[in-house]
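Using full-length UniProt numbering, read the sequence shown as starting at 1 and increasing by one per residue. All C-beta atoms in this analysis are idealised placements derived from N, C-alpha and C, irrespective of residue type, glycine included. Given the structure is predicted, the values throughout are model-derived calculations rather than measurements.
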Amino acid sequence: MGIFQMPDALANKIAAGEVVERPASVVKELIENSIDANSSWIKVEVEEAGLQKIKVIDNGNGMTEADAEKAFLRHATSKIQDETDLFRVNTLGFRGEALASIAAVSRMSIKTSEGDSAAAWLSIEGGVVKDRAKSDARKGTEIVVEDLFFNTPARLKYMKTIHTELGHITDLLNRLALSHASIRFEVVHNGKPLFNTAGTGDMLQVISQVYGMSVARKMLPVKHETLDFSIDGYIAKPEVTRASRNYMSTIVNGRYIKSMQLTQAIVRGYHTLLPIGRSPIVVLAIEMDPVLVDVNVHPTKLEVRFSKDKALFTAVEETIHAAFRNASLIPQMEQKQ
Ligand code: ADP
Ligand code: MG
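Spelled out as C-alpha cells, the structure:
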C-alpha cells in the first residue's frame, strides 16, 4: 500500500479521539471558546449528561457569517497567527481543532452574530454542512451538539453511566467557575438547574457556591507577588480537609491546569498541619508572563510546562506557609526548618 494523505474528515475524526474523550470534554471546549470571546454570561443546557445534547449559549463577541463557515474546519483559529504567538498564548484555545473535532463526531449547529447583522445559522453533521440559514440577531453564539459519538460506535460504547458522565461535567464546571469568578454561569441538566454562579468577580463567593458556605467560612485568603509570579486565592484552614486530592484547583493565567508538582508544593506549604492521608481545599490563581508557560503540551491543554518551575513551586509553598504563620496556625518554633 502506498502512502496517501488523509482527507480532512478522517484526520478530524482521528484528532477527535484525543480532544473529545467524553461529553465533559465538549462542554469544556465550548465554554472555553465562550470565555475567549469575552462573554460575561454563559448558559449551558445538558441532556442525559451530554450524551444526548449539549447547548452552550454566550453573550460574547460572536462571529461573522464567513467566520462561522470556517470555525469548524481543521486548524482554523482566530487566536494565533504565527509561531511567535504560540509562545505567548493568552487565550484558552489556540490549536484550532476543538470545533473541528466535535463536529466530526456529532451533529452540531452554530448560531452566531456579532450583533450588527442577522445571525448566521449552520447545521453540520459528521463535519459536513447539511443546512444553512439566516436567523434572528443577538450578539453572541449558541452551539448545539447532539448525538455525540453517533458515528464512532467504539467510543460510544466506552461512555460510562449518566451519573459518572455528569460527575465529570460538574467537576469541570466547578473549575471553570472558580477560574472565572466574573463570568455568570447558568447550568441546566434535563431541564433542572444544576449550577449557578453570580459572576460578581468574588472568588470566595464561587467557592461557597461550589463547596458550600461552611467550607467558604474556613478559607484564608492568600496573596503574594514575586518578580515573575502573582499568586492569589484561598486556602482552607487545616481543620477542613478531604480524603481526595481533587479539591486543590490550580489556575494559571485563567486556565485550570493539572500539575502534580504544584499540588505537592501546596501540600508542602501546609507543612505538618495536615492529618496523614488528608488533602486540603485550595484554589490558587497564578498569573505570569505567558512566555514562561508552555501550554502546548497536550491537545486537552490540561498540562503545562513552566520555564521557571523551581521558583514557582517555592513561591507557592512559601505563600501558603506564610498565610498560616500570619494566622498564627504555625507555632513560632516550627518556622525555621
Ligand atoms: P480555538 O479555540 O483553538 O481557536 P476552536 O476550534 O475551538 O479553536 O474554535 C475555532 C474558532 O471559532 C475560534 O478561534 C473562534 O474564532 C471561533 N469561535 C468558536 N467558538 C466561539 C464563540 N463561542 N464565540 C465566538 N467565536 C467562537
Ligand atoms: Mg477552542
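Does residue i come out as helix, strand or coil in the three-state DSSP assignment?
i, result
"residue 289", "coil"
"residue 25", "helix"
"residue 71", "helix"
"residue 196", "strand"
"residue 316", "helix"
"residue 277", "coil"
"residue 189", "strand"
"residue 17", "helix"
"residue 144", "strand"
"residue 133", "strand"
"residue 107", "strand"
"residue 324", "helix"
"residue 215", "helix"
"residue 233", "strand"
"residue 64", "coil"
"residue 58", "strand"
"residue 118", "coil"
"residue 3", "coil"
"residue 138", "coil"
"residue 329", "coil"
"residue 207", "helix"
"residue 301", "coil"
"residue 35", "helix"
"residue 46", "strand"
"residue 221", "strand"
"residue 248", "strand"
"residue 309", "helix"
Under 6 Å Cβ to Cβ from residue i, same chain only, skipping five residues before and after it: list those, please.
i, result
"residue 152", "105"
"residue 206", "177, 178, 181, 197"
"residue 409", "Any question about residue 409 goes unanswered here, given that the chain covers just 1 to 337."
"residue 299", "18, 19"
"residue 29", "98"
"residue 37", "60, 61"
"residue 130", "123"
"residue 247", "281"
"residue 322", "none"
Closest to residue i by C-alpha separation, out of the options, would be which residue?
i, options, result
"residue 48", "250, 61, 163, 129", "163"
"residue 96", "80, 171, 107", "80"
"residue 135", "147, 114, 91", "114"
"residue 21", "278, 190, 154", "154"
"residue 320", "231, 246, 295", "231"
"residue 324", "269, 294, 290, 177", "269"
"residue 24", "52, 11, 84", "52"
"residue 56", "304, 322, 187", "187"
"residue 221", "327, 243, 161", "327"
"residue 14", "103, 193, 44, 90", "103"
"residue 126", "72, 44, 272, 306", "72"
"residue 169", "45, 4, 157, 202", "45"
"residue 16", "149, 210, 302", "149"
"residue 117", "156, 130, 66", "66"
"residue 43", "274, 192, 238", "192"
"residue 27", "2, 7, 167, 157", "167"
Tell me which residues share the same chain as residue i and place their Cβ nearer than 7 Å to its Cβ, disregarding the 5 neighbours each side in the sequence.
i, result
"residue 308", "228, 292"
"residue 32", "92, 93"
"residue 184", "40, 41, 197, 198, 199"
"residue 88", "290, 291"
"residue 175", "249, 256"
"residue 204", "216, 219, 234"
"residue 64", "114"
"residue 294", "304, 305"
"residue 133", "121"
"residue 147", "106, 107"
"residue 210", "174, 177, 178"
Kindly say whether residue i, judged by its beta-carbon, lies nearer than 9 Å to any beta-carbon of chain B.
i, result
"residue 52", "Here there is only one protein chain, and chain B is not present."
Going along the chain, which residues of its own chain have a beta-carbon closer than 8 Å to the beta-carbon of residue i, five neighbours each way excluded?
i, result
"residue 215", "207, 208, 236, 240, 281"
"residue 311", "226, 228, 229"
"residue 11", "74"
"residue 277", "243"
"residue 68", "110, 112, 120, 122"
"residue 165", "22, 23, 24, 49, 50, 51, 159"
"residue 77", "93, 94, 95, 96"
"residue 296", "86, 89, 94, 95"
"residue 128", "9"
"residue 190", "46, 47, 48"
"residue 334", "Caution is warranted here: a pLDDT of 49 is assigned to residue 334, below 50, making its placement in the model unreliable, and no coordinate value can be reported."
Report all residues for which the CB-ligand distance to some heavy atom of the ligand MG is below 7 Å; order them along the chain. Any heavy atom of the ligand MG counts here; residues with a Cβ closer than 7 Å to one of them, in chain order, are 29, 32, 33, 36, 92, 93, 98, 99.
The segment 254 to 274 touching the segment 298 to 317, judged by at least three CB pairs closer than 8 Å: By the Cβ rule, the segment 254 to 274 counts as touching the segment 298 to 317, because three or more pairs are nearer than 8 Å.
Check whether the segment 247 to 254 and the segment 276 to 287 are in contact - that is, three or more C-beta pairs closer than 8 Å. Output reads yes: the segment 276 to 287 touches the segment 247 to 254.
Spell out a yes or no on whether the segment 59 to 77 and the segment 129 to 147 are touching, meaning 3 or more CB-CB pairs, one atom from each, closer than 8 Å. Touching, per the Cβ criterion.
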